[in-house]
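Numbering (our numbering), first residue to last: 1 to 292.
Glycine residues also receive a C-beta, built at the ideal position from the N, C-alpha and C atoms.
Values in this document were obtained by computation on a predicted structure and should not be read as measured data.
Written out below as structure tokens is the structure these notes cover.
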């Protein structure tokens, strides 16, 4: 494998040997010296040269393998460094967005704490949700995060999330319909995180009608009657920090909820798809790809 490179590197030495042997041959021929002496000396020299070449080649091959291993290690290090830099950049971006988002509910709390209790509760809930997103994002990014897979009652899981958002549903007079049930092997805690962000978006962008949740052995489908999502926004919906047209109108969207859901569902080996029509509603489908 390395002979070609080795011979190229030693080309000067081999040319010197060939020229030297040629000069000796010409000298013996011109002076009519006994050729047997040249033959014996040449054989001894070639034997010594062969021993040297064998030892030198082994050394060269070891060096080449060491260099190749170093190149592989360097490439792996560069890849790890690039991923770490990407994670650090994503973290810094999230921290900037999160810090900005904290200002709105905190300012509202300061102004309405004494006079408007319902609004105070709403802003407190928003503040808690932003903190939850940050904490869960940091946890799911940690390579040491443990995922405990067990058989989970999906209807009970969904009911817990809906119960958490009950005040928001009641405040907007939205109805919630849950149909079906399934027992799926997954991590209940992390699946709850993903589902919660989807339901949070449904409540935020729905002003009338409500939310329908269909549960089967293959998927969990959540359909709202909200303002919908532009078709041009759908391909980037799970990108970090992307809010889309509706999120920009809302002025309160961090663009982190669906991004966090996608991170979590990828680790749970689940798929997530979104379909939507403006002024009709949005359907988010989680497909359970793991074995039950």
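Q) What residues in its chain sit with their C-beta under 8 Å from that of residue 27, if we drop five residues either side in the sequence? A) 33
**Q.** Backbone secondary structure at residue 18 - three-state DSSP
**A.** Helix.
Q) Taking the alpha helix (DSSP H) that residue 206 falls in, what are its first and last residues? A) Taken as a continuous stretch (DSSP letters only), residue 206 belongs to no alpha helix (DSSP H), as it is neither H nor E.
Q) DSSP puts residue 94 in a beta bridge; with which residues? A) Paired residue(s): none; residue 94 is not in a bridge.
(Q) Under 8 Å, with one C-beta from each stretch per pair, do the region 205 to 213 and the region 184 to 193 reach the 3-pair mark? (A) The region 205 to 213, when compared against the region 184 to 193, does not touch it at the 8 Å Cβ threshold.
Q | residue 193 versus residue 78 - alpha carbon distance | A | 33 Å
(Q) Give me the DSSP bridge partner(s) of residue 273. (A) 285
Q. Who are the Cβ neighbours of residue 238 in its own chain at under 7 Å, not counting the five residues just before and after it?
A. Taken in chain order, the residues that qualify are 258, 259, 262.
Q) Between the region 274 to 288 and the region 218 to 238, do three or more beta carbon pairs fall short of 8 Å? A) yes
Q. Are there three or more Cβ pairs, one per stretch, closer than 8 Å when the region 69 to 76 is compared with the region 45 to 57?
A. no
Q: Could you please give the first and the last residue of the uninterrupted beta strand (DSSP E) stretch that includes residue 159?
A: No beta strand (DSSP E) holds residue 159; the alpha helix (DSSP H) holding it covers 154 to 164.
Q: State buried or exposed for residue 210, treating a residue as buried only when at least 16 other CB atoms are found within 10 Å of its CB.
A: buried
Q. Along the chain, where does the beta strand (DSSP E) that runs through residue 220 open and close?
A. 219 to 224
Q. By how many angstroms is the C-alpha of residue 82 removed from the C-alpha of residue 213?
A. 40 Å
Q) Is it right to say residue 66 is buried, meaning 16 or more other beta carbons lie within 10 angstroms of its own, or is it exposed? A) exposed
Q) Which whole-angstrom value describes the C-beta separation of residue 267 and residue 147, a residue pair presumed to lie in contact below a C-beta threshold of 8 Å? A) 7 Å
Q. Where does residue 175 sit, in a helix, a strand or coil, going by DSSP?
A. strand
(Q) By alpha-carbon positions, which one of 234, 159, 37 ends up nearest to residue 302? (A) The structure shown does not extend to residue 302, since the chain spans only 1 to 292, so no value can be given for it.
Q: Measure from the C-beta of residue 155 to each C-beta in chain B and report whether the shortest distance is under 8 Å.
A: In the structure shown, chain B does not exist; there is a single protein chain.
Q: Tell me where the beta strand (DSSP E) around residue 184 begins and ends.
A: Counting along the chain, residue 184 sits inside the beta strand (DSSP E) bounded by residues 183 to 186.
**Q.** CB contact flag (residue 183, residue 137, <8 Å)
**A.** no
Q: Figure out for me which residue from 24, 129, 51 has the closest Cα to the Cα of residue 41.
A: 24
Q | Residue environment, residue 29, which counts as buried when at least 16 other CB atoms sit within 10 Å | A | The residue in question, residue 29, is exposed, as its Cβ has fewer than 16 Cβ neighbours within 10 Å.
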